[in-house]
Amino acid sequence: MPLPRLRSGTVPAVVAALALAQLVLTRAASAAPETVGGAVLTPVAIETVPGFPGPDPAAARDAFRRVCAAPPPALPQQASVAGDPAALAEACAASAGDVPDAATFFRDHFDAFRVERPGAGQPGFLTGYFEPELEGSLDPSADFPTPVLARPDDLVSLGPGETRPGLDPSLRAARATPAGFAPYPDRAAIEDGALGAQARPILWLRDAVDLLVLQVQGSGRVRLPDGRAVRVLYDGRNGRPYTAVAKLIVQEGHLPLEGLTLARWTGWLRDHPDTARRLIRANASYIFFRLADVADPALGPPGAANAPLSPGYSLAVDAGLWRYGLPFWLAGKLPDRAEGAAGRLVIAADTGSAIVGPARGDLFVGTGARAGIVAGNLRDAVGFVVLLPKRKAAQERAP
Numbered sequence: 001m002p003l004p005r006l007r008s009g010t011v012p013a014v015v016a017a018l019a020l021a022q023l024v025l026t027r028a029a030s031a032a033p034e035t036v037g038g039a040v041l042t043p044v045a046i047e048t049v050p051g052f053p054g055p056d057p058a059a060a061r062d063a064f065r066r067v068c069a070a071p072p073p074a075l076p077q078q079a080s081v082a083g084d085p086a087a088l089a090e091a092c093a094a095s096a097g098d099v100p101d102a103a104t105f106f107r108d109h110f111d112a113f114r115v116e117r118p119g120a121g122q123p124g125f126l127t128g129y130f131e132p133e134l135e136g137s138l139d140p141s142a143d144f145p146t147p148v149l150a151r152p153d154d155l156v157s158l159g160p161g162e163t164r165p166g167l168d169p170s171l172r173a174a175r176a177t178p179a180g181f182a183p184y185p186d187r188a189a190i191e192d193g194a195l196g197a198q199a200r201p202i203l204w205l206r207d208a209v210d211l212l213v214l215q216v217q218g219s220g221r222v223r224l225p226d227g228r229a230v231r232v233l234y235d236g237r238n239g240r241p242y243t244a245v246a247k248l249i250v251q252e253g254h255l256p257l258e259g260l261t262l263a264r265w266t267g268w269l270r271d272h273p274d275t276a277r278r279l280i281r282a283n284a285s286y287i288f289f290r291l292a293d294v295a296d297p298a299l300g301p302p303g304a305a306n307a308p309l310s311p312g313y314s315l316a317v318d319a320g321l322w323r324y325g326l327p328f329w330l331a332g333k334l335p336d337r338a339e340g341a342a343g344r345l346v347i348a349a350d351t352g353s354a355i356v357g358p359a360r361g362d363l364f365v366g367t368g369a370r371a372g373i374v375a376g377n378l379r380d381a382v383g384f385v386v387l388l389p390k391r392k393a394a395q396e397r398a399p
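The end of the sequence shown is residue 399 by UniProt numbering, with every number in the run present.
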């Protein structure tokens, strides 16, 4: 709850306000987990967070509303993730009404907690991702020979902590067979035809590098020869471990890490097709897709929370730790930062296999080549403050 404004020189009012602030933080702390994923959650008065709520809290409010309005994911998050679902539902209901002041909305409906990792050398780490724009065709041709595959019928996706009898617990998917469950084929096996009739192309791209970019980003827009644009959306993965091809390029000494951009390493792959094939096949992870219309060109594709991603305001988090819809204040350097802004309020709306840990995020920055440059340059240490929803009904009953 907001602290009252004090008149100068009124000592009793100062003492009362400090007591009230301590009560607020004590109640907030008692209603929230003390630790998440090894990080300590330290309650802070939201008014004391430097720069909060940033220059455009209305954009964060709109991103929050989109997550609230989206259907629940097919694979629900674990019940143990941080963020009381009932309290979050109350905040969602409040956001659907008249919210003339977005900053006041977040102050009234959430408590702030600094995410602190004991012994960590940096507060947290933020990267960026984007929606690529590629050229493709609905039919194969000499110009478009590389298939984008639909989700196979025998693919069984596994949620966090879920496994199947006889299956390596580290695998995040399985293949349903008449004899039971088996590991799903890796990338090299899929490219060599291991799926058989289960391999159903939905689209064709120019080359394997474009397919890799699409799979790394998880979605994309594809411009067809007739000028129409379609959206290609994530629809499952083979559950194998992900290996960054750009990292392999650096490890083998082909390119230096310094100045390594998406355009540079993908260009290198195209210039060295034989080595490119070997390195790409070393990444065992393989992503399957589905087609969709581009409903709103200003928004990105749906994230894991099933809500359209808001450029600059949708954050991919570790879904095993944080509930979708939670606001986060990111303190530090951010792309397209307003003059003098100390950070930005963003909303958890997505996840990714490389996004692991309580103070780790991946910011969706937009669509197209410029967004790709911004995303590639975003690798910064930032501070994380999570906003956990207040339970209004519980507060009203509290003494």
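For glycine and all other residues, C-beta sits at the position ideal for the given N, C-alpha and C.
All of these numbers come straight from a predicted model, not from anything done at the bench.
Just to confirm my understanding: we take residue 200, look at its own chain, exclude 5 residues before and 5 after, and list those with CB closer than 8 Å. What are they?
In the sequence shown, counting from the first residue as 1, residue 200 sits at position 200. The residues are 149, 150, 152.
Given that a residue counts as buried once 16 or more other Cβ atoms are within 10 Å of its Cβ, and exposed if not, what is residue 333?
The residue you call residue 333 lines up with position 333 of the sequence shown. With fewer than 16 Cβ atoms within 10 Å of its Cβ, residue 333 is classed as exposed.
Under 6 Å Cβ to Cβ from residue 379, same chain only, skipping five residues before and after it: list those, please.
Taking the first residue of the sequence shown as 1, we reach residue 379 at position 379. Hits under 6 Å: 127.
Length at least 4, wholly inside the segment 166-196: the alpha helix (DSSP H) runs in chain order:
If we require 4 residues or more, the alpha helix (DSSP H) runs fully inside the segment 166-196 come out as 187-191.
Expected contact under 8 Å - CB spacing of residue 164 and residue 179 to nearest Å:
Within the sequence shown, the letter at position 164 stands for residue 164. Within the sequence shown, the letter at position 179 stands for residue 179. No, residue 164 and residue 179 are not in contact; Cβ-Cβ is about 12 Å, not under 8 Å.
Segment contact, 8 Å Cβ cut-off, at least three pairs: the segment 299-313 with the segment 53-71
yes
In three-state DSSP terms, what is residue 302?
For the purposes of this step, residue 302 is taken as residue 302 along the sequence shown, with counting starting at 1. Three-state result, residue 302: strand.
Round the Cβ separation of residue 146 and residue 206 to the nearest angstrom and send it over; I've been treating them as touching at under 8 Å.
Translated into positions along the sequence shown, residue 146 becomes position 146. Translated into positions along the sequence shown, residue 206 becomes position 206. Rounded, the Cβ-Cβ distance is 7 Å, consistent with contact.
Closest by CA to residue 348, which one among 262, 50, 319, 76?
By one-based count along the sequence shown, residue 348 stands at place 348. Ranking 262, 50, 319, 76 by Cα distance to residue 348 puts 319 first.
Are the Cβ atoms of residue 40 and residue 156 separated by less than 9 Å?
The residue labelled residue 40 in the question sits at position 40 within the sequence shown. The residue labelled residue 156 in the question sits at position 156 within the sequence shown. No Cβ-Cβ contact shorter than 9 Å links residue 40 with residue 156.
Which same chain residues, not among the five before or five after residue 281, have their C-beta less than 8 Å away from its C-beta?
Locating residue 281 in the sequence shown gives position 281, where the first residue counts as 1. Hits under 8 Å: 187, 188, 191.
For residue 371, the three-state DSSP class (helix, strand or coil):
On the sequence shown, position 371 is the one that residue 371 refers to. Helix, per DSSP.
Which of helix, strand or coil DSSP assigns to residue 387
Locating residue 387 in the sequence shown gives position 387, counting from the first residue. DSSP places residue 387 in strand when its eight states are reduced to three.
Within 10 angstroms of the Cβ of residue 442, are there 16 or more other Cβ atoms? Answer buried if so, exposed if not.
Because the chain spans 1 through 399 in this model, residue 442 falls outside it and cannot be assessed.
8 Å Cβ shell around residue 215 - same chain, five flanking residues per side excluded
By 1-based counting over the sequence shown, the position of residue 215 is 215. Excluding positions up to five away in sequence, the list reads 285, 286, 287.
Supposed contact pair residue 264 and residue 209 - C-beta distance, whole angstroms, cut 8 Å
Within the sequence shown, numbered from 1, the residue matching residue 209 stands at position 209. Within the sequence shown, numbered from 1, the residue matching residue 264 stands at position 264. Contact doesn't hold; Cβ gap of about 12 Å is too wide.
Are the beta-carbon atoms belonging to residue 203 and residue 289 less than 9 Å from one another?
To locate residue 203, count along the sequence shown from 1; it is residue 203. To locate residue 289, count along the sequence shown from 1; it is residue 289. A contact, by the Cβ cut-off of 9 Å.
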